[in-house]
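Enquirer:
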Amino acid sequence: MSSLAEPPASRAPSRSPVRSPALSPAAGPSRCSSERRRTIWDTRTEPGAVQDTQLRSVDLNYVIRLLKDSNSKDLEKEQLKTLKKVVKHFENGLPLKDLAQIIEILNLCAEKVNEQEAFTEPLCELIKLCGLPFQKKKLSDEVSYSVAISKSIAQLGSLMTVPSSQVRIQICKCVVSFYNMEPPRKLLPGYQPTSANYKIQMAELGGLAETLASSLELVENQLTEKLWVLKALQHLSSSGVNCRLMMKAQAASRLCSYLKGVDPSGQLVFRSSEILWNLLENASKEEVVNQLSSLECVRALKEVFEDLLVHGFRHYDRQLRNDLLVIATLLAENPAAPMIESGFAKLLIVLATFTEVRIPNPLIKGLKLTYSYEDFELKKLLFNVIGVLSKDPRAVQLLSENDVMPALLYYVKPIQKPGFHDWSAAQYEELQLHAIAILASVAPVLIDKYLSCQANTLLLVFLEWCIGQDAFFGQGNSFHGTGGRGNKIAQMRYSLRVLRSVVSLYDDRVNLNLCDQGAISQLL
C-alpha cells in the first residue's frame with residue numbers, strides 16, 4: 001500500500017541550554033539547618049579511573065529525592081534545572097544500569113504535570129532519551145538487566161494516561177524509534193550500544209503492545225494522538241507476540257470502528273487496516289474474526305467499503321477496497337457474523353453479478369467498474385464471496401433473488417475471440433474458470449434455479465466445445481487453469497465438477513434431464 005504522510009504533531013521543544021556542571025542546584029529549604037547541601041553531580045571516581053569532565057557520573061538518587069520533596073513549592077525552579085542537567089548528561093544514550101531510575105524520574109514528573117505544566121517539557125525530553133540507543137558495559141548486561149528493562153519499557157505505555165497531547169505523542173515517537181534505531185553519535189567511556197533488536201524484544205517481554213492498544217480509548221476523540229498511537233501499533237504488530245498482546249486489549253474490534261472515522265489525510269483507514277491485516281497474519285485468525293463479528297464492526301466495514309467503491313479512484317483506494325473485501329470474506333465464513341442482517345451480504349452479491357445480468361439495482365446505481373488490475377482482482381474476490389455464502393443456509397434466498405445462477409452461467413460458453421469485453425484473453429479465461437468453479441458450490445443449493453436456467457444443456461454444449469478440434473490456446477496461468485495451457489482441459493475439468501455436484505443430489509429432475517439430452521453417451 002502507498003505510504004502516507006507522517007501524523008502531524010507539535011514540534012518537540014528544543015533543549016534548553018545547560019549550565020555548567022559545576023553549579024549546584026538552586027537553594028531550597030533544607031530539612032535541617034545543619035544538613036550539608038550536595039550537588040547532582042557525583043565527582044567520586046575509582047582510583048586510576050579516567051576523569052571525563054563532560055561525562056561525570058550523575059547522582060540519580062539525589063534527583064529522585066529532590067522530585068519527591070513536597071515540603072516547599074519553591075523547589076520547582078531547582079527541580080526543573082536539575083532535570084535539564086539529567087537530559088544533557090544522557091543526550092547520547094542511557095546506560096542499562098540507569099534506566100530503572102530514569103523511569104522512576106519519569107513517573108515523578110508525570111505526577112507533577114497535572115498541577116505544574118512546566119514539567120511537561122522535561123518529561124518529554126526524558127521520554128525522548130528512552131528512544132536513544134541503550135548502552136551496556138558487558139555483553140551479559142542485556143540478559144542481566146532484561147527484567148528491569150522490560151518493566152521500564154512497559155512503564156512508557158502506562159504514561160499514556162498523562163493528559164497531555166505532547167507527552168502521548170512523544171511516547172509514540174519513542175516506540176517508533178525502536179524500529180528505526182540509528183547508531184549512537186557518541187558512546188559513554190567503556191560502553192557499547194545494545195543489539196539492534198534489544199528494545200523490540202524487551203517491549204514484547206514487558207507487554208507494551210497491550211498497554212498501548214488499551215490507550216486507544218484515551219485518545220478516542222483526539223485525531224492527531226490517535227494517528228500516532230496507530231503508527232506505533234503498526235510497528236509493534238509486525239510481531240506475533242505483540243499481536244497476541246494487542247488482541248487481549250480488544251484491538252481488532254476497536255480498530256474496525258476507526259475505519260469509518262473522519263480523517264482528511266486517509267491515515268486512519270490506512271493504518272487501522274494495516275494493523276488488522278497484521279493481526280490476521282500474526283495472531284489467531286479465529287479470535288480476530290470473532291472480535292470483528294459484531295454488528296457495529298460489520299457495519300463499519302460495509303460503510304468504508306461502499307465509500308471506497310464509489311469514491312475511490314486512486315490505485316491505493318482500490319487496493320484498500322480489495323483488502324477490506326478479503327476481511328469481509330473471512331467474516332462471511334463465520335456463521336455468527338451478521339453479514340445478512342447488516343445488508344453487507346446482499347451488497348456483495350449484487351456487486352458480484354451486476355456486470356453479467358445488467359439488472360438495475362439501487363445499491364449500485366451509477367457504479368462502473370474499469371478493466372484495471374485492481375478491478376479484475378475485485379471481480380475474483382466477489383466470486384469467492386459467492387462461494388462462501390453458498391455454504392450458509394440463511395444466504396440461499398439472497399443468492400436466488402439476486403440472479404447469481406444466471407450470472408455464473410454467463411461464463412459457460414465457448415470463448416470466441418482473444419479479447420472479451422475488454423478483458424484480456426488470459427483475464428477472461430481466469431474469470432470463466434473461477435465462475436464455473438464457484439458454480440459447482442452454488443448449483444446444489446439453487447437446484448430449482450439451475451434447472452430453470454437450463455444449466456444442464458449449457459454445460460453439455462460447453463463440454464462439446466471442450467472436446468472439439470477448433471483452435472483454442474488456453475493460457476493456463478491461474479490457479480484454476482492448472483494443466484490447461486494450450487488446451488481446454490481446465491474448462492472440461494470444472495464443467496464435469498459442476499455436473500458431479502448436481503448429480504450427487506440424486507434429484508430425479510436433474511438426472512432425467514441429463515439422460516434425455518444424451519449425457520451418458522456424450523460422457524462416454
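No gaps in the numbering here: position 147 of the sequence shown is 147 in the UniProt record's numbering, and each next residue is one more. All C-beta atoms in this analysis are idealised placements derived from N, C-alpha and C, irrespective of residue type, glycine included. Since we're looking at a predicted model, the values are computed, not measured.
1) With distances taken Cα to Cα, identify the nearest neighbour of L265 among F119, Y316, S293.
2) Specify whether the segment 182-199 and the segment 133-142 touch according to this definition: at least 3 beta carbon pairs, one from each stretch, less than 8 Å apart.
3) Across the segment 387-406 and the segment 350-367, are there enough close Cβ pairs to call them in contact, namely three or more that are closer than 8 Å?
4) Is P362 helix, strand or coil when you go by DSSP?
5) If I follow the unbroken alpha helix (DSSP H) through F462, where does it start and stop?
6) For L433 versus Y494, is the C-beta spacing smaller than 8 Å?
7) Straight-line CA distance for Y258 to R168?
8) G93 to I149, Cα distance in whole Å?
9) Helix, strand or coil, according to DSSP, for D52 in the structure here?
10) So, A252 versus L292, is the Cβ gap smaller than 8 Å?
11) Classify P122 as buried or exposed, calling it buried when 16 or more other Cβ atoms lie within 10 Å of its own Cβ.
12) Does Q469 pass the burial test, meaning 16 or more other C-beta atoms within 10 Å, or should it be called exposed?
13) Using only the alpha-carbon positions, how far apart do C109 and K226 sit?
14) Does Q116 come out as helix, strand or coil in the three-state DSSP assignment?
15) Beta strand (DSSP E) containing F134: first to last residue?
16) Tell me which same chain residues have a C-beta within less than 6 Å of the C-beta of G240, skipping the five on either side of it?
17) Which residue comes first and which comes last in the alpha helix (DSSP H) that contains E374?
18) Under 6 Å Cβ to Cβ from G157, same chain only, skipping five residues before and after it: list those, please.
19) In three-state DSSP terms, what is Q517?
20) Just to confirm before moving on: does the CB-CB distance between F90 and L139 stay below 8 Å?
21) Would Q522 and L463 be called neighbours here (beta carbons separated by less than 8 Å)?
22) V304 and K248 - do their beta-carbons sit closer together than 8 Å?
23) Hey, would you say F383 sits closer than 8 Å to A300, going by beta carbons?
24) Decide if C256 is buried, meaning its Cβ has at least 16 other Cβ atoms within 10 Å, or exposed.
25) Give me, in chain order, the residues of the same chain whose beta-carbon lies closer than 7 Å to that of L223; leave out the 5 immediate sequence neighbours on both sides.
26) Helix, strand or coil: how does DSSP classify L123 here?
27) Are the beta-carbon atoms belonging to E374 and Q319 less than 8 Å from one another?
28) Is Q416 helix, strand or coil when you go by DSSP?
29) What is the C-beta distance between L431 and Y411, in whole angstroms, given that I count them as a contact (C-beta under 8 Å)?
30) My guess is that T457 and Q517 are in contact by the Cβ rule of under 8 Å, so how many angstroms apart are they, rounded?
Expert: The answer reads as follows:
1) First, the residue type needs correcting, since residue 265 is Ser and not Leu in the sequence shown. It is Y316.
2) Using a C-beta cut-off of 8 Å, the segment 182-199 makes contact with the segment 133-142, since at least three inter-stretch Cβ pairs fall below that distance.
3) With a cut-off of 8 Å, the segment 350-367 and the segment 387-406 count as touching, because enough Cβ pairs lie within range.
4) Helix at P362.
5) 455-467 is the extent of the alpha helix (DSSP H) around F462.
6) At a Cβ-Cβ threshold of 8 Å, L433 and Y494 count as neighbours.
7) For Y258 and R168, the distance between alpha carbons rounds to 19 Å.
8) Spanning the two alpha carbons is a distance of roughly 14 Å.
9) Note that D52 scores 40 on pLDDT, short of 50, meaning its location in the model is unreliable and no value can be drawn from it.
10) Yes, Cβ-Cβ distance for A252 and L292 is below 8 Å.
11) Under a 10 Å Cβ-count criterion, P122 is classified as buried, with 16 or more other Cβ atoms of the shown protein chains found around its own Cβ.
12) With a threshold of 16 other beta carbon atoms within 10 Å, Q469 falls short and is exposed.
13) When rounded, the distance between both Cα atoms is 23 Å.
14) Q116: coil per DSSP, three-state reduction.
15) In the DSSP assignment, F134 falls within the beta strand (DSSP E) that extends over 134-136.
16) N282, listed in sequence order.
17) Unbroken alpha helix (DSSP H) run through E374: 373-389.
18) Hits under 6 Å: L208, T211, L212.
19) In the structure shown, Q517 sits in coil (DSSP, three-state: anything other than H, G, I, E or B).
20) With respect to L139, F90 sits apart: the two C-beta atoms are not nearer than 8 Å.
21) Against a cut-off of 8 Å, the Cβ pair of L463 and Q522 comes out as a contact.
22) Against a cut-off of 8 Å, the Cβ pair of V304 and K248 comes out as no contact.
23) Not closer than 8 Å, so no.
24) A residue is called buried when at least 16 other Cβ atoms come within 10 angstroms of its Cβ; C256 meets this threshold and is buried.
25) Closer than 7 Å at the Cβ level, and outside the excluded window around L223, lie D263.
26) L123: helix per DSSP, three-state reduction.
27) Contact: yes.
28) Coil.
29) Contact between L431 and Y411 is confirmed by a C-beta separation of about 7 Å, below the 8 Å threshold.
30) 6 Å between Cβ atoms; contact.
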